[in-house]
Amino acid sequence: MNQLVFRGTDKGKGRYFAVTPENSPMRHLHYGRIILDAEVPTVAFETGRCETGLICLAGRGRVAVGGETHELERYDAIYIPRGSRVEVSTEAGVDFIECAAPVEGDYPVQVVRLADVERDGSLRFTTGGPTSTRTITILIGKNVRAGRLLAGFTRSEPGHWTSWPPHEHAEMLEELYVFYDMPAPSFGVQFVFNKAEEPEFAGAVRDGDVVLMPYGYHPNVAIPGYPINFVWIMAAHKEVEYRQYGVVNVHPDFAASGSGLEASRR
């Protein structure tokens, strides 16, 4: 299947997957949401053969796994090993992004606090130029032992480009963007292309939309007066070996300016 955009993936309650290898061109990556409130306050599931990451996008929730319960607030994350039984619950309301990928290895439960990430200049940094300024926050990166998953979020300045200059990493990593915190009338424009004159996808993206990057360059731009914000999730094609953030091929026309991701390699 070649579908590269999935619309309005933030509309349901409970736990569900919007993107899987079965309904998309992704080879490993699964993306879904766990949205709970007083009406649906808890869900339980098993990770099976997939390592799993949960990112708290809004609210507050509890994640019970491996005999321990962890309280997560906005932008906190947790890495959960394959073969785990998980229970997620909330008292008031919570919105978790769930990402998963099958792995062979066993890696421990790890909780990531935003406050700890913010103290590391290689995990949170501002990059870009006068019209491409954005802040990148790496939640599940070199700070987490894992097999395939990498995840974090990017927030731009109003009207600015991100993922600029255009880059790709299809040999090592597949990726998707989940757009959030962009209430109407805000929107952005996302591109996915191997050849700029013949893009595989070029279109408006709004709150809750997801765009897949199984291949190709993938810059985007916010409309004037509004930022473009997205959670990015990647899965390495080779477990552990290819799980590297910031290793990219910049489009030859723009390679002289670097990738903008150099801080992550410190």
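Counted the way our numbering counts, the sequence shown spans residues 189 to 454.
Every residue gets a Cβ at the ideal spot worked out from N, C-alpha and C, and that includes glycine.
Item                                                                                                                 : Value
Pair within 8 Å by beta-carbon distance, residue 419 and residue 341                                                 : yes
Residues bridged to residue 349 (per DSSP)                                                                           : 409
For residue 384, the first and last residue of its enclosing alpha helix (DSSP H)                                    : Run containing residue 384: none; DSSP gives neither H nor E here.
Residue 191, buried or exposed, once every other Cβ within 10 Å from all chains shown has been counted against 16    : exposed
Cβ neighbours of residue 308 in the same chain (closer than 8 Å, five flanking residues each side left out)          : 331
Other residues of its chain near residue 213: CB distance less than 7 Å, five sequence neighbours each side excluded : 189, 190, 400, 402
Burial state of residue 441, where buried means 16 or more other Cβ atoms lie within 10 Å                            : exposed
Exposure of residue 434, with buried meaning 16 or more beta-carbon neighbours within 10 Å                           : buried
Whole-angstrom distance between residue 446 and residue 245, CA atom to CA atom                                      : 30 Å
Contained beta strand (DSSP E) runs [length at least 3] in the region 273–335, N- to C-terminal order                : 273–290, 298–300, 312–315, 322–328
Cα-Cα separation, residue 229 to residue 350                                                                         : 36 Å
Start and end residues, beta strand (DSSP E) containing residue 464                                                  : Beyond the ends of the chain as shown, which are 189 and 454, falls residue 464; an answer cannot be given.
Those residues which DSSP pairs with residue 193 across a bridge                                                     : 399
Alpha-carbon spacing of residue 273 relative to residue 251, whole angstroms                                         : 10 Å
Short Cβ contact (8 Å threshold) for residue 195 with residue 220                                                    : no
Presumed contact (8 Å Cβ cut-off) between residue 343 and residue 415, rounded CB distance                           : 6 Å
Own chain, CB closer than 7 Å to residue 261, minus 5 neighbours either side, in chain order                         : 244, 248
Burial state of residue 304, where buried means 16 or more other Cβ atoms lie within 10 Å                            : exposed
N-terminal and C-terminal residue of the beta strand (DSSP E) that residue 225 is part of                            : 218–225
Backbone CA spacing between residue 255 and residue 241 [nearest angstrom]                                           : 18 Å
Contact check, residue 327 vs residue 423, beta carbons under 8 Å                                                    : no
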